[in-house]
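A quick write-up on the structure given underneath.
There are 2 protein chains.
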Amino acid sequence: MSSAAAKQQDPNDSQPLWREAELRAADAMGRLMEFWGFRRHMGRLWTILYLSPEPMTTAELAETLQLSSSAVSLSLGELVHWGAVRKTWRPGERKDFYQAESSVWKLLRRVYERRELNLIREAIDAFGDAQRHLDETRSQLGGEDRRRVDYMHKRLSRLSALSKAGERLVRLLVAGRMINPADLQSAEEED
Amino acid sequence: MSSAAAKQQDPNDSQPLWREAELRAADAMGRLMEFWGFRRHMGRLWTILYLSPEPMTTAELAETLQLSSSAVSLSLGELVHWGAVRKTWRPGERKDFYQAESSVWKLLRRVYERRELNLIREAIDAFGDAQRHLDETRSQLGGEDRRRVDYMHKRLSRLSALSKAGERLVRLLVAGRMINPADLQSAEEED
DNA sequence: CAGTTTGTTCAAATTTTCTTGAACAGACGT
DNA sequence: ACGTCTGTTCAAGAAAATTTGAACAAACTG
Numbered sequence: 004m005s006s007a008a009a010k011q012q013d014p015n016d017s018q019p020l021w022r023e024a025e026l027r028a029a030d031a032m033g034r035l036m037e038f039w040g041f042r043r044h045m046g047r048l049w050t051i052l053y054l055s056p057e058p059m060t061t062a063e064l065a066e067t068l069q070l071s072s073s074a075v076s077l078s079l080g081e082l083v084h085w086g087a088v089r090k091t092w093r094p095g096e097r098k099d100f101y102q103a104e105s106s107v108w109k110l111l112r113r114v115y116e117r118r119e120l121n122l123i124r125e126a127i128d129a130f131g132d133a134q135r136h137l138d139e140t141r142s143q144l145g146g147e148d149r150r151r152v153d154y155m156h157k158r159l160s161r162l163s164a165l166s167k168a169g170e171r172l173v174r175l176l177v178a179g180r181m182i183n184p185a186d187l188q189s190a191e192e193e194d
Numbered sequence: 004m005s006s007a008a009a010k011q012q013d014p015n016d017s018q019p020l021w022r023e024a025e026l027r028a029a030d031a032m033g034r035l036m037e038f039w040g041f042r043r044h045m046g047r048l049w050t051i052l053y054l055s056p057e058p059m060t061t062a063e064l065a066e067t068l069q070l071s072s073s074a075v076s077l078s079l080g081e082l083v084h085w086g087a088v089r090k091t092w093r094p095g096e097r098k099d100f101y102q103a104e105s106s107v108w109k110l111l112r113r114v115y116e117r118r119e120l121n122l123i124r125e126a127i128d129a130f131g132d133a134q135r136h137l138d139e140t141r142s143q144l145g146g147e148d149r150r151r152v153d154y155m156h157k158r159l160s161r162l163s164a165l166s167k168a169g170e171r172l173v174r175l176l177v178a179g180r181m182i183n184p185a186d187l188q189s190a191e192e193e194d
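Going line by line, the protein sequences match chains A and E. Numbering (this note's numbering) for the first sequence: 4 to 194. Numbering (this note's numbering) for the second sequence: 4 to 194.
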């Protein structure tokens, strides 16, 4: 029973032997997710859950990663919101238990769908707005300036085309269909 | 000559009429690039240059975006480093001039290549390290713990497989070849 | 219904990242 | 060679984010 005891008895020196490896992997995933625009801890927490055969409680997670319970609550809540972690519970237990959504692919799809696509659409809108704004000022301008505005207009069209190609690409990715990056390339070829 | 004068005379109220539109687009791109893990200003600067028919000086950029010269220098330097902006110069002029690399696609490729791929590779390495670490401890463990370690080992393999699929996918993207996202899906199907 | 246990929210404090102005360095013209 | 014009670097200050402990709320137990 050495390790079962070690798991809980002494807060200092009694980490299970695999803890080191676990944390290493969690950290790598944390960096990945941070780069990706999420909180570092989200990646860490998810990984710990993903590597655990059993659902875990917030207390266990806090202990494993040495976090305050509020930090766990916050990041875990966000993970649940993203569908990366599921709340489960056990009959007879009061605590909530958490387990990782194990289909990483499904997860990535959701993220791309909710975040990347929205952002690209906003950008597309902004480019459109800018163009409309230029249209309004155009009549007030004389020769040189008018040429300048026309140039900007053309460039904005190119940015829009590109963004739309990007949007299409991400949508295909989300739908799991084949993607041809050459589409992006061609979106900026007619000038 | 009204607008040519307006461009430079009065620092306060004399923005060219298209400035508003320009800034709007620049801001959208700034948000995109920030989300993307770069400095906000890199997107802004790049857009201003992209929308300008002529190469611009750092002073003009600073004035347009209301930035200090050091901020411009910093972000512009990084853009040059990423190949998103080129330094040019004009005979007879002492200042440096900058123009946007207009092939956005080429740019994206470089970014994915240098950043995303490196990060994924680091993660793959970390997962491998963690597994090796588990292998070392395995012999010291008894029944239950050993099963637990084996479980973690299997999960780490899955993470590795997934990351490698991701790496392959990005490499194809960079090479401009067709991509089948189903590869990712299948990378986590054998359990 | 009072007392625990568990989870969430909030404001304060810490850490990290960005921004700035000034000092520095290089290049050019005279 | 000197003075001027540019661009870069650096340390200090400002702003933004993360983190935490404590207060609060909700759910269950006896």
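For glycine and all other residues, C-beta sits at the position ideal for the given N, C-alpha and C.
Reference residue 19/E, options 141/A, 111/A, 36/A, closest by Cα
If we check each option's Cα against that of residue 19/E, 141/A comes out closest.
Which whole-angstrom value is the C-beta distance of residue 56/A and residue 91/A, which I expect to be below 8 Å?
With 8 Å as the limit, residue 56/A and residue 91/A do not qualify as a contact, their Cβ atoms being about 13 Å apart.
What separation, rounded to the nearest whole angstrom, lies between the Cα atoms of residue 157/E and residue 70/A?
Spanning the alpha carbons of residue 157/E and residue 70/A requires a straight line of approximately 27 Å.
Taking a contact to mean a Cβ-Cβ separation below 7 Å, would you say residue 88/A touches residue 101/A in this structure?
yes
Mind listing, in chain order, the continuous alpha helix (DSSP H) runs of no fewer than 4 residues lying wholly within the region 19 to 94 of chain E?
22 to 38, 43 to 54, 61 to 68, 72 to 84
Which of the three DSSP states, helix, strand or coil, is assigned to residue 103/E?
strand
Counting Cβ pairs, one atom from each stretch, are 3 or more of them under 8 Å apart for the region 23 to 42 of chain E and the region 125 to 137 of chain A?
yes
Report the start-end ranges of each alpha helix (DSSP H) in the region 125 to 189 of chain E that is 4 residues or longer and not cut off at the edges.
The qualifying runs are 146 to 178.
Residue 24/E versus residue 139/A: straight-line alpha-carbon distance, rounded
10 Å
Any Cβ of chain E within less than 7 Å of the Cβ of residue 155/A?
Yes, contact with chain E.
When you compare only the Cα positions, how much space is there between residue 50/A and residue 155/E?
10 Å
Counting C-beta neighbours from all protein chains within 10 Å, is the total for residue 146/E 16 or more, i.e. buried, or is it exposed?
Exposed: under 16 other Cβ atoms inside 10 Å.
Compare the C-beta of residue 18/E with all C-beta atoms of chain A and state if any pair is closer than 7 Å.
No, no contact with chain A.
is_contact[residue 56/E, chain A] using C-beta, thresh 7 Å:
yes
Go ahead and pull the three-state DSSP assignment for residue 191/A.
Looking at residue 191/A - three-state DSSP - the assignment turns out to be coil, as it is neither helix nor strand.
Using 8 Å as the Cβ pair cut-off and three pairs as the minimum, do the region 181 to 192 of chain E and the region 117 to 129 of chain E touch?
no
How long is the line joining the alpha carbons of residue 98/E and residue 61/E, rounded to whole angstroms?
One C-alpha to the other measures close to 8 Å.
In this structure, does DSSP put residue 117/A in helix, strand or coil?
helix
Per-residue contacts from residue 179/E into chain A (C-beta, under 7 Å)
Chain-ordered, the chain A residues with CB closer than 7 Å to the CB of residue 179/E read 184, 185, 188.
Can you list the residues of chain A that residue 40/E reaches, using a CB-CB cut of under 8 Å?
Those are 38, 40, listed as they occur along chain A.
Would you report the Cα separation of residue 177/E and residue 161/E, rounded to the nearest angstrom?
Straight-line spacing of the CA atoms in residue 177/E and residue 161/E works out to 24 Å.
For residue 192/A, which residues of its own chain have a beta-carbon under 8 Å away from its beta-carbon, when the five flanking residues on both sides are left out?
Same-chain partners within the cutoff: there are none.
Quick check: what's the CA-CA separation for residue 44/E versus residue 76/A?
34 Å
With a threshold of 7 Å between beta-carbons, can residue 126/E be considered close to chain A, or not?
yes
When you compare the CB positions of residue 164/A and residue 190/A, do they come within less than 7 Å of one another, or not?
The answer is yes: Cβ separation under 7 Å.
Cβ pair residue 123/E, residue 166/E closer than 7 Å:
yes
So, residue 172/A versus residue 152/A, is the Cβ gap smaller than 7 Å?
no
Neighbouring residues, chain E, relative to residue 140/A (Cβ below 7 Å)
Correct list: 20, 21.
Ignore the nearest five residues each way along the sequence and tell me which others in residue 14/E's own chain have a CB closer than 7 Å to its CB.
For residue 14/E, the predicted structure reports a pLDDT of 41, less than 50, and the residue's modelled location is therefore unreliable. A value from the coordinates is still provided. Cβ neighbours of residue 14/E beyond the five flanking positions: none.
Along chain E, which residues have their Cβ under 9 Å away from the Cβ of residue 191/A?
105, 106, 107, 108
Assuming the contact rule is C-beta atoms closer than 8 Å, residue 38/E and residue 40/A should be a hit. Round their C-beta distance to whole Å, please.
6 Å
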